[in-house]
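Just below is one structure, and these are the notes that go with it.
Residue numbers (our numbering): 162 to 245.
So, in structure tokens, the structure goes:
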């Protein structure tokens with residue numbers, strides 16, 4: 162699938178990792194975009210394309226408990242967000 166974003170604001174969203182025997186990770190506080198590495202686990206036939214028109218969305222005060230601080234894994238976004 163494909164998602165197009167235009168003039169979107171993400172404010173105070175959170176992705177918090179779980180607990181227990183198989184705890185999940187908190188990734189992409191505002192947007193979690195399935196990557197090719199997770200395609201099989203997510204049970205999708207194709208990874209989605211997420212695009213933002215002209216500029217990135219506005220991100221404010223989002224949190225992802227397991228963010229790595231990279232362009233594709235940070236407190237706002239997990240996965241690839243393209244700009245048109």
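Cβ atoms here follow ideal geometry from the backbone N, Cα and C, with glycine treated the same way.
Computed from a predicted structure; not experimentally measured.
- Taking a C-beta distance under 7 Å as the contact criterion, residue 218 and residue 169 qualify as a contact pair.
- Taking 7 Å as the cut-off, the Cβ atoms of residue 187 and residue 178 count as close.
- Residue environment for residue 194: buried (at least 16 other C-beta atoms within 10 angstroms of its C-beta).
- Between residue 214 and residue 245, the CB-CB gap stays under 7 Å.
- In the structure shown, the three-state DSSP call for residue 163 is strand.
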